[in-house]
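Residue numbers (our numbering): 1 to 178.
(1) Could you give the first and the last residue of the continuous alpha helix (DSSP H) run that contains residue 40?
(2) Once DSSP output is grouped into helix, strand and coil, what is the label at residue 161?
(3) Quick check on this structure: which residue in 61, 164, 133, 69 has the alpha carbon closest to the alpha carbon of residue 117?
(4) Could you give the DSSP three-state label for residue 97: helix, strand or coil?
(5) If you drop the 5 nearest sequence neighbours on each side, which residues of the same chain put their C-beta closer than 6 Å to that of residue 2?
(6) Go through the stretch 55-81 residue by residue and report every complete run of the beta strand (DSSP E) that reaches 3 residues or more, in order.
(7) Could you pull the start and end residues of the alpha helix (DSSP H) that residue 166 belongs to?
(8) Between the beta-carbon of residue 46 and the beta-carbon of residue 80, is there less than 8 Å?
(9) Helix, strand or coil for residue 155, going by three-state DSSP, please let me know.
(10) Does the separation of the CB atoms of residue 78 and residue 124 fall below 8 Å?
(11) Classify residue 53: buried if its beta carbon has 16 or more other beta carbons within 10 angstroms, exposed otherwise.
(12) Name the two residues that bound the continuous alpha helix (DSSP H) containing residue 124.
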């Protein structure tokens with residue numbers, strides 16, 4: 001994974017550390033903020049993380065299966081910002097193409113899936129930035145507009161999630177039919 005690429009909208013330069021400090025010079029909260037800023041700054045100038053992606057396709061009887069996983073080759077910037085590392089990495093055993101493998105066991109697990117939650121304001125901002133919708137200055141206005149126009153309601157009990165209203169759902173369905 002590469003460090004997140006920001007967009008320079010000309011608003012202001014990013015926050016960067018300007019001098020070296022140690023924990024004895026700062027109060028607890030100030031030290032945590034300093035560490036966070038410093039680690040993020042160093043991550044932006046560090047090498048990218050590198051992964052080896054493995055995909056396997058196999059057939060058991062009449063059924064077709066796919067399996068994928070990834071193995072970190074180089075931690076890069078994640079060494080400085082480990083909280084950005086995905087804990088869902090799946091490392092696969094060494095699988096050779098064209099080789100037949102014996103099935104040791106088969107297990108069926110029953111479970112239920114859950115629908116994804118609603119987008120939070122933060123999620124929506126990330127989606128807008130990824131799709132180059134708006135600028136740093138206009139994104140808050142766009143979000144305020146969808147709230148003011150009654151397309152969504154803000155649920156403050158769930159991390160400021162944006163819950164679509166009937167009007168918002170109808171608008172979404174109408175866009176899909178265009």
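Every residue, glycine too, gets a C-beta built ideally from N, C-alpha and C. All values reported here derive from a predicted model rather than from experimental measurement.
Here's the rundown:
(1) On the chain shown, position 40 is the one that residue 40 refers to. Taken as a continuous stretch (DSSP letters only), the alpha helix (DSSP H) holding residue 40 covers 28-44.
(2) Here residue 161 refers to the residue found at position 161 of the chain shown. Correct three-state label for residue 161: strand.
(3) The count along the chain shown starts at 1 and reaches residue 117 at position 117. It is 164 whose Cα lies nearest to the Cα of residue 117.
(4) Translated into the one-based positions of the chain shown, residue 97 becomes position 97. In this structure, residue 97 counts as coil in the three-state DSSP scheme.
(5) Within the chain shown, numbered from 1, the residue matching residue 2 stands at position 2. Only weak support exists for where residue 2 lies, its pLDDT of 49 falling under 50; the value from the coordinates is given anyway. Answer for residue 2: 48, listed in chain order.
(6) 63-74
(7) Taking the chain shown and counting its residues from 1, one reaches residue 166 at position 166. Its alpha helix (DSSP H) spans residues 166-177.
(8) On the chain shown, residue 46 is found 46 positions in, with the first residue counted as 1. On the chain shown, residue 80 is found 80 positions in, with the first residue counted as 1. Yes.
(9) Residue 155 sits at position 155 when you count from the first residue of the chain shown. The answer is strand: DSSP assigns residue 155 an E or B state.
(10) The residue you call residue 78 lines up with position 78 of the chain shown. The residue you call residue 124 lines up with position 124 of the chain shown. Not in contact: residue 78 and residue 124 (Cβ atoms no closer than 8 Å).
(11) Here residue 53 refers to the residue found at position 53 when the chain shown is read from its first residue. Classification of residue 53: exposed, given that the 10 Å Cβ count is below 16.
(12) Position 124 of the chain shown, counted from the first residue, corresponds to residue 124. From DSSP, the alpha helix (DSSP H) with residue 124 extends over 121-130.
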